Amino acid sequence: MTLHLIQRSPFSNSALKDCLNIIDSQDSILLMEDGVYGLQHSLMQQTKLTAYALQEDMTARGLTSKNSIKEIDYCEFVNLCSQHQHVISWY
Amino acid sequence: MTHKILIIARSAPYGSSLAREGLDYVLTSAAYDQDICLLFLGDGIFQLLKGQQPKQINLKSQIGAMEILPLYDIEDLFVVEEDLIERNIDTKDLGMKVVSIKRAEVSQLINSQHKVLSF
Amino acid sequence: MKFSLLILASPYSQQGGLSALKFAQACLNQGHQIYRVFFYHEAVQTASFLQTPQQDESNLHQLWCELAEQHKIDLVTCIAAALKRGVLDKSEAKRYEKDGFNLQKPFELSGLGQLLDAQINSDQLITFA
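Residue numbers (the numbering used here), protein chains in the order written: chain A, 4 to 94; chain B, 3 to 121; chain C, 1361 to 1489.
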């Protein structure tokens, strides 16, 4: 079980696409920094994966939550890291 | 204890120093007797292309530096079939002996490791 | 749990360093341990004490120093990546006959072996790029 940290915008970088290409259905995704622009992307709107977005990074950029993507804070971010076998950053 | 460590190489060489700095970490880890395998994902594949001549742009060869990997007992170099096709690359175009796997097999590779790091 | 952080992000060009600070603070607030923070790639510039941001901007170097001193955190900067980017401590400056230096405790220069040690001896190594 892996937590994937998406740290770049999917509109200018392949981080999200590369991650989704290899992701397992048991894995989770966390959108952070410019990765939160993924909320606006069709790749995230279609996904059935467990997905989170860092609330501070969303608010900073004027983004609001879409569909089933759960907003979390840094405390929950730390918890997620401790609950997964691996944490992989995509940038 | 020896740990199984997977390094995911996602950066193309030269345009950024990440590919090089990632390889430096691979060589360090191998020197400390860890069980290292490498997965070249996405643009990371370009690190393996034959015929790189970066002298012309005043940089050190990435593929040249990778030739010493077998001396460090790093022999598991994985590439992803779909990434090769997407980039119009044949395994014959690669300067290292690689194992080609499918995208669907990558998570299994990740799950079989103690530690994973991506550059 | 034991966490280590690998920071690759350039201190004032990218957000990664600031995210890492927030993450470290959240770890400590929840009673987790930070085993080591390793600065590599462009992030080695965080170690320079000469950085002088404007008063209304965060001073990343200072923020890490405060956190490190408060919680006894190991701040290790990759020596090879730092030297080529002009980040040197007193003894390296002397060795390479440079007029000045810009790295001192709590930051220290060391090799990539320290990153491997952090990866092996922590439960999680989180990368901020």
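We treat Cβ as the ideally placed atom computed from N, Cα and C, and that holds for glycine.
Computed from a prediction, not measured in an experiment: that's the story for all the values here.
### Query
Using Cβ-Cβ distances below 7 angstroms, what residues of the region 26-57 of chain A are close to chain C?
M35 and E36
### Query
Identify the residues that DSSP records as bridge partners of A1442(C): which are they?
DSSP output for A1442(C) lists no bridge partner at all.
### Task
Figure out for me which residue from G97(B), I70(B) and F48(B) has the closest Cα to the Cα of N90(B).
F48(B)
### Message
If I follow the unbroken beta strand (DSSP E) through D75(B), where does it start and stop?
### Response
Careful: D75(B) lies outside any beta strand (DSSP E) and carries neither H nor E.
### Message
Among G1473(C), P1466(C) and L1472(C), whose alpha-carbon lies nearest the alpha-carbon of Q1422(C)?
### Response
P1466(C)
### Simplified DSSP assignment, three categories, for S92(A)
strand
### Query
Closer than 8 angstroms, CB to CB, is Q86(A) near chain C or not?
no
### Query
Around the Cβ of T1437(C), are there at least 16 other Cβ atoms within 10 angstroms (buried) or fewer (exposed)?
buried
### Ranges of the alpha helix (DSSP H) found wholly within the region 41-121 of chain B, counting only runs of at least 4
64-68, 83-88 and 105-113
### Query
For L1475(C), which residues of its own chain have a beta-carbon under 6 angstroms away from its beta-carbon, when the five flanking residues on both sides are left out?
F1398
### Cβ shell of H1401(C) (< 7 angstroms), same chain only, five flanking positions each side left out
L1368 and A1441
### Task
Report yes or no: do the region 95-111 of chain B and the region 1372-1382 of chain C share at least 3 C-beta pairs separated by less than 8 angstroms?
no
### Message
Can you confirm whether H92(A), when its beta carbon is compared against all beta carbons of chain B, has any partner nearer than 8 angstroms?
### Response
Strictly speaking, residue 92(A) in this sequence is Ser, with His absent from that position. At least one chain B Cβ lies under 8 angstroms of S92(A).
### Task
May I ask you to list the residues that DSSP assigns as paired with S1482(C)?
Paired residue(s): none; S1482(C) is not in a bridge.
### Query
Any C-beta of chain C sitting closer than 8 angstroms to the C-beta of F80(A)?
yes
### Message
For a test of the three-state rule: what should DSSP assign to I26(A), helix, strand or coil?
### Response
coil
### Task
Please go through the same chain and pick out, in chain order, the residues whose beta-carbon is closer than 7 angstroms to the beta-carbon of Q36(B), but skip the five residues on each side of it.
T4, H5 and I7
### Query
How far does the alpha helix (DSSP H) with F1383(C) in it reach, from first residue to last?
G1376 to N1389
### Query
So, using beta-carbon positions, are G97(B) and K62(B) closer together than 8 angstroms?
no
### Query
Applying the criterion that 16 or more other CB atoms from any shown protein chain within 10 Å of the CB defines a buried residue, is A54(A) buried or exposed?
buried
### Task
Determine the chain B residues that contact S17(A) at a beta-carbon separation under 8 angstroms, and present them in chain order.
G44 and D45
### Q1531(C) at chain B interface by Cβ criterion, 8 angstroms
Look at the range of chain C in this structure, 1361 to 1489, and you will see that residue 1531(C) is not part of it.
### Message
Would you say K117(B) lies against chain C (beta-carbon separation less than 8 angstroms)?
### Response
yes
### Message
Just to check my reading of the structure: L1(A) and L33(A) have Cβ atoms closer than 8 angstroms, yes? What is that Cβ distance to the nearest angstrom?
### Response
A query on residue 1(A) cannot be resolved here, the shown segment of chain A reaching from 4 to 94 and no further.
### Query
Given L1381(C), which residues of its chain have a CB within under 6 angstroms of its CB, disregarding the five upstream and five downstream residues?
L1423
### Task
Find the residues of chain D that neighbour R105(B), judging by a C-beta separation of less than 9 angstroms, and give them in chain order.
No chain D appears in this structure, whose protein chains are A, B and C.
### Task
Check each residue of the region 1457-1483 of chain C: if its Cβ is closer than 8 angstroms to any Cβ of chain B, include it; give the result in chain order.
G1471, L1472, G1473, L1475, L1476, Q1479 and I1480
### Message
Measuring only the C-alpha atoms, how far is M61(A) from T67(A)?
### Response
7 angstroms
### Message
For H1392(C) and V90(A), which I take to be in contact (beta-carbon distance under 8 angstroms), what is that distance rounded to the nearest angstrom?
### Response
About 14 angstroms; that fails the 8 angstroms criterion.
### Message
My parser needs the alpha helix (DSSP H) runs of 4 or more residues fully inside the region 29-79 of chain A; what are they?
### Response
45-49 and 58-63
### Query
Is Q58(A) closer than 8 angstroms to I75(A) when the C-beta atoms are compared?
yes
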